[in-house]
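So the structure is just underneath, and the comments pick up after that.
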Amino acid sequence: MFTLNSKVYSFGLGYLLRKLYFRPGFPIGKARRLSWIEKIFGRRNILVRTIPGFLFSCDQRDWLQRNLLCNRVHELEVTTLLKAKLGASDIFFDIGANAGYFSALALACGVSRVIAFEPDPDTCNVMRRQFAINDWDPSRWRIAQLGLSDREGYQDLIRGSDAGESGFGDWPYREVVGRLRVKVGSLNDFCCRYEIRPTVIKIDVEGWEFPVLNGADKILNAPETRLIIFEAEIIPTGQIKDDRLSAIFKKNGFTVTHIPRPSGTLKVTENFCAIREQS
Numbered sequence: 092m093f094t095l096n097s098k099v100y101s102f103g104l105g106y107l108l109r110k111l112y113f114r115p116g117f118p119i120g121k122a123r124r125l126s127w128i129e130k131i132f133g134r135r136n137i138l139v140r141t142i143p144g145f146l147f148s149c150d151q152r153d154w155l156q157r158n159l160l161c162n163r164v165h166e167l168e169v170t171t172l173l174k175a176k177l178g179a180s181d182i183f184f185d186i187g188a189n190a191g192y193f194s195a196l197a198l199a200c201g202v203s204r205v206i207a208f209e210p211d212p213d214t215c216n217v218m219r220r221q222f223a224i225n226d227w228d229p230s231r232w233r234i235a236q237l238g239l240s241d242r243e244g245y246q247d248l249i250r251g252s253d254a255g256e257s258g259f260g261d262w263p264y265r266e267v268v269g270r271l272r273v274k275v276g277s278l279n280d281f282c283c284r285y286e287i288r289p290t291v292i293k294i295d296v297e298g299w300e301f302p303v304l305n306g307a308d309k310i311l312n313a314p315e316t317r318l319i320i321f322e323a324e325i326i327p328t329g330q331i332k333d334d335r336l337s338a339i340f341k342k343n344g345f346t347v348t349h350i351p352r353p354s355g356t357l358k359v360t361e362n363f364c365a366i367r368e369q370s
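Taking the numbering used here, the leading residue of the sequence shown gets 92, the next gets one more, and so forth.
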C-alpha cells in the first residue's frame, strides 16, 4: 500500500499549489518552478487525482506532468477514445510509455494486463511510482525497459529536455540534452518470447513509428490486435507525412482516421486511430 513520503507534498499543500499556480488554461510552458516553496520544503512532487480517476505524482519540471497539474488530463481526445474502447478482456501495450499516463489510464479502465515499453531507466522508475501510488496488483502490469525497433541490439536513446521528447533517430522538435545506450528489440520477438499478444496498442515514439511497426508485422496481422492509437508527423493539409505508415496499416487490414483535438487546431504531430476492418 502506498504511503506519502518526503518526495510528495501533503495533499493540502499540493491542492493549494495547484489552485494558485497550475490553473486550467494556464500556459504550460510558464508553469515551471516553485523556487520559494522548494527552498522551504525541498523539491517534491505534487499528487494529482486525474479526471479519469487515478492518482499521478507530478514533477513540475516535466511538460506532461505540468499539464496534468493544470488540467488533470493529458491529451483529452486520446483519453476519451481509450476510455470508450478499453474493456476488461483487453491487453494494452503502451509503446513509448514515458511517465506512464496512458498505462495508468488503461489500468484504471480495468483492462486485463498492461505492458509499458520505455527504454529510459530513470523514466521507468517514475512509472513504477505512479503504479505504486494507485496500489494496482503487480500481476496486471509489467514495465519492459526496452526500446522497440525492427532489429535486436543496442542503440543510442537521445534524451530530450522533457522526457516525452526522448527517442531514437532524427527528430527536429527535440532539444537534445544527452544520450544513453539502451537495449532495443522488435515487438514480434517480445511477444514470441513472453507468449503474450496485445489487443490495443498505443504508440508515441517521436518519429520512430516505422521501425516499431516494421518489427511488429506478426502482431499487426494477428486478428486479436483490433485498435492502435499512434502519433505521427503531418503535412500542412493534415495527412500523415510518412506514407509507409499508412501503407503498413492498410496492408494489415486497418482503417486509419485522425483523432481531432478539442480545439480543432493542427500541430506538427497529430494522433491517429487505426481500427481493424471487419471481414
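Positions of the beta carbon are idealized from the N, C-alpha and C atoms, including for glycine.
Please read these numbers as outputs of a predicted model, since none were measured by experiment.
By how many angstroms is the C-alpha of Lys274 removed from the C-alpha of Leu167?
32 angstroms
Which residue wins for smallest C-alpha separation from Asn136, given the options Phe147, Lys130, Pro115?
Phe147
Unbroken beta strand (DSSP E) runs of length 3 or more, entirely within the stretch 275 to 301: which are they?
291 to 294
Boundaries (first-last residue) of the alpha helix (DSSP H) holding Ser337:
334 to 342
Are Pro143 and Val164 close, meaning C-beta to C-beta below 8 angstroms?
Cβ atoms of Pro143 and Val164: closer than 8 angstroms.
Thinking just about the alpha-carbon of each residue, which of Asp261, Thr346, Leu357, Gly201 is nearest to the one in Arg367?
Nearest option by C-alpha distance: Thr346.
Whole alpha helix (DSSP H) runs in the stretch 181 to 226 with 4 or more residues, listed along the chain?
192 to 199, 212 to 224
Within the continuous alpha helix (DSSP H) that includes Arg152, where are the two ends?
Arg152 -> no alpha helix (DSSP H), and no H or E assigned at all.
Measure the alpha-carbon distance for Leu198 versus Leu239 and round it to whole angstroms.
22 angstroms
Keeping to the same chain, check which residues put their C-beta closer than 8 angstroms to that of Phe363; ignore five residues upstream and five downstream.
Ile320, Phe321, Glu322, Ala323, Ile331, Val347, Thr348, His349, Ile350
Contact check, Thr290 vs Glu315, beta carbons under 8 angstroms
yes
For Cys149 and Tyr100, the rounded distance between their alpha carbons
10 angstroms
Can you name the residues that DSSP bridges to Ile249?
Gly258, Arg270
Touching by the beta-carbon criterion (3+ pairs, under 8 angstroms), the stretch 276 to 287 and the stretch 221 to 228:
No, the stretch 276 to 287 does not touch the stretch 221 to 228.
Taking Cβ to Cβ, would you say Ala235 is nearer than 8 angstroms to Met218?
no
Run through DSSP, which three-state label would Ile128 get?
helix
Smallest Cα separation from Glu209: which of Glu286, Pro263, Gly191?
Gly191
Short check: CB of Leu108 to CB of Ile131, under 8 angstroms?
Inclusion of Leu108 and Ile131 in the CB contact set at 8 angstroms is not warranted, their separation being larger than that value.
Distance, Cα to Cα, Gly112 vs Ile287?
Note on residue identity: the sequence assigns Tyr, not Gly, to residue 112. About 43 angstroms.
Evaluate contact between the stretch 292 to 312 and the stretch 254 to 262, counting only Cβ atoms and requiring at least three cross-stretch pairs below 8 angstroms.
yes
Could you have a look at Arg140 and say whether DSSP puts it in helix, strand or coil?
strand
On the three-state DSSP scale, how would you describe Val347?
strand
Strictly by DSSP, which residues pair up with Ala365?
Ile319, Val347
Check for me: the beta strand (DSSP E) holding Ile234 runs from which residue to which?
Residue range 232 to 235 is occupied by the beta strand (DSSP E) that includes Ile234.
DSSP bridge partner residues for Ile408 (one or two, in chain order)
No answer is possible for residue 408: it lies beyond the span of the chain, which begins at 92 and ends at 370.
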